[in-house]
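Below is one structure; the comments refer to it alone.
There are 2 protein chains.
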Amino acid sequence: MDKKKAVQQSYELVRDKILNGQLLSGEKITEEKLATDLGFSRTPIRDAIKRLEYEGLIINKKVVKPTDKDLRNIFQVRMLLEGYSARCAATYSSAEQLATLAECVEIGKNGSYDEIMDANERFHQIIVQTSGNDKLIDTINRMQSIIYLFRKTVVFYNRPFLIEEHEDIYNAIRDRLPERAEELMKQHLEKDLDFCLHLINSQN
Amino acid sequence: MDKKKAVQQSYELVRDKILNGQLLSGEKITEEKLATDLGFSRTPIRDAIKRLEYEGLIINKKVVKPTDKDLRNIFQVRMLLEGYSARCAATYSSAEQLATLAECVEIGKNGSYDEIMDANERFHQIIVQTSGNDKLIDTINRMQSIIYLFRKTVVFYNRPFLIEEHEDIYNAIRDRLPERAEELMKQHLEKDLDFCLHLINSQN
DNA sequence: AAAGGTTAAATTGTATACAAAATTATCTAA
DNA sequence: TTAGATAATTTTGTATACAATTTAACCTTT
Chain W
1 MDKKKAVQQS
11 YELVRDKILN
21 GQLLSGEKIT
31 EEKLATDLGF
41 SRTPIRDAIK
51 RLEYEGLIIN
61 KKVVKPTDKD
71 LRNIFQVRML
81 LEGYSARCAA
91 TYSSAEQLAT
101 LAECVEIGKN
111 GSYDEIMDAN
121 ERFHQIIVQT
131 SGNDKLIDTI
141 NRMQSIIYLF
151 RKTVVFYNRP
161 FLIEEHEDIY
171 NAIRDRLPER
181 AEELMKQHLE
191 KDLDFCLHLI
201 NSQN
Chain P
1001 MDKKKAVQQS
1011 YELVRDKILN
1021 GQLLSGEKIT
1031 EEKLATDLGF
1041 SRTPIRDAIK
1051 RLEYEGLIIN
1061 KKVVKPTDKD
1071 LRNIFQVRML
1081 LEGYSARCAA
1091 TYSSAEQLAT
1101 LAECVEIGKN
1111 GSYDEIMDAN
1121 ERFHQIIVQT
1131 SGNDKLIDTI
1141 NRMQSIIYLF
1151 RKTVVFYNRP
1161 FLIEEHEDIY
1171 NAIRDRLPER
1181 AEELMKQHLE
1191 KDLDFCLHLI
1201 NSQN
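Residue numbers (my numbering), protein chains in the order written: chain W, 1 to 204; chain P, 1001 to 1204.
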């Protein structure tokens, strides 16, 4: 296997620094500093920053600090796209996809912190995949980094009923109830949003 | 006013070359060639290409050639996001926004080719704006270039009922009928899609 | 002639130097 | 002191050189 190129490495390193809090919200990024930090030249760093700007993690040279409004906006888009995806899942999903969803729900009940984090992400990922719509998948993926920031809090603070909701969604999909699957997914995301907003606002 | 930077110029030049057919679907792009063509160095050209890749106009160094499936996918996302936007418009839109929408419909009836093109684009643009959701607006804008490619054919071949549909949507918004506005917008986009697909497939 | 391998050419990736622009600090006049 | 101008510094934008990689061309060998 060939080793990753500098752009890719830079991208991943900077992204991770942001996601795990080594680079704080509002902190200003300079190409030169990152370059010497990571041991690359400015060229690949610039590309990486462009990509992060595109994903919304960096906004004019500053690490993003999402406002309540941003959060609501992101979740609104998710509700529309993932709601539709859930409907698709209830209509199209294969036996294999169903099995994997069931597995994610199961891990959610008994897994370790990291396993749960992972399973929850996969649960949503699989449902989005069943839409079979690359543009839709792409749009969600681009919001993924920011979403990740919040999924972490939701799991860490152990939001009540999260797994139960996943299970309900899974059941609707398995039972081929498109309308219900969509509705449940939307409600589920709405609750995630409320939980995040509540947490954020009680911390400051 | 300060003159645009090389990246911005390159971006616009290359994009326009693609949109007006100077660069054909499937044609392969090389940085060096574009650089000497446009009289810049490779550096800004690379950035411009990256941006066009993000927008989906270039896919691994080739000018994109959207398939039927791509077209369906884009329109599906638009139906979800613009449908929701129409609902918002029917709920929130200001008197000024309503007036501008009415104006777009009017131009659609009597304007010149270029005016109609412009008015149709603005019609959709305004409705999307009323959502007040930056993420949503952003997502649509990123698909704008590809959408443009098709809007051109729709107007050029003078799709029947296009203006009437805009008017119906406008009326629903003005009369504050969110459900209806959403439904009409979705139907409208569905018809645009069918028209595009029909044209494309009858040409090849 | 076809499969495979080797060399050559084209293209992209990265580093670096310098120019342009933006930012910050410093100074001066009111 | 402070508003505004000017200089110093930092940071970004662009060009260019060279390295790495990919792609194309050209031989062999069967």
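Cβ atoms here follow ideal geometry from the backbone N, Cα and C, with glycine treated the same way. Since we're looking at a predicted model, the values are computed, not measured.
Taking only beta carbons into account, state which residues of the segment 136 to 165 of chain W come closer than 8 angstroms to chain P, listed in chain order.
Leu136, Thr139 and Met143
So, for Leu19 of chain W: in the same chain, excluding its five sequence neighbours on each side, which residues have a beta-carbon less than 7 angstroms away from its beta-carbon?
Ser145, Tyr148 and Leu149
Residue from W:Lys69, W:Gln8, W:Ile58 and W:Lys62 whose Cα sits closest to the Cα of Leu38 of chain W:
W:Gln8
Lys1186 of chain P at chain W interface by Cβ criterion, 9 angstroms:
no
Identify each residue in the segment 1030 to 1062 of chain P for which the Cβ-Cβ distance to at least one residue of chain W is less than 9 angstroms, and report them in chain order.
Thr1043, Arg1046, Asp1047, Lys1050, Arg1051, Tyr1054 and Gly1056
By DSSP, does Met1001 of chain P sit in helix, in strand, or in coil?
Low confidence applies here, because Met1001 of chain P scores a pLDDT of 49, under 50, leaving its location unreliable and the question unanswered by this model.
Quick one: which residues of the segment 1072 to 1089 of chain P get their C-beta closer than 7 angstroms to a C-beta of chain W? List them in chain order.
Asn1073, Ile1074, Gln1076, Val1077, Leu1080, Leu1081 and Tyr1084
Once DSSP output is grouped into helix, strand and coil, what is the label at Val63 of chain W?
strand
Tell me, please, whether the CB atom of Asp134 of chain W is closer than 9 angstroms to any CB atom in chain P?
yes
For a quick check, are the C-beta atoms of Thr1139 of chain P and Thr139 of chain W less than 9 angstroms apart?
yes
Limits of the unbroken alpha helix (DSSP H) element including Ser10 of chain W:
Ala6 to Leu19
Quick check: is the beta carbon of Asp1068 of chain P nearer than 9 angstroms to any beta carbon in chain W?
no
Apart from the five residues just before and just after Met1001 of chain P, which ones in its own chain have a Cβ nearer than 8 angstroms to its Cβ?
Unreliable placement is indicated for Met1001 of chain P, whose pLDDT of 49 sits below 50; the coordinate value is still reported in the next sentence. Nothing listed; no residue qualifies.
Classify Ile29 of chain W as helix, strand or coil using the three-state DSSP reduction.
coil
Excluding sequence positions up to five away, which residues of its chain have a Cβ less than 6 angstroms from the Cβ of Phe1123 of chain P?
Cys1104 and His1166
Can you check whether the CB of Glu32 of chain W is closer than 9 angstroms to the CB of Arg42 of chain W?
yes
So Val1063 of chain P and Leu1024 of chain P are in contact, right, with Cβ under 8 angstroms, and what is the actual spacing, rounded?
6 angstroms
If we count the other Cβ atoms within 10 Å of its Cβ and call it buried at 16 or more, is Ser112 of chain W buried or exposed?
exposed
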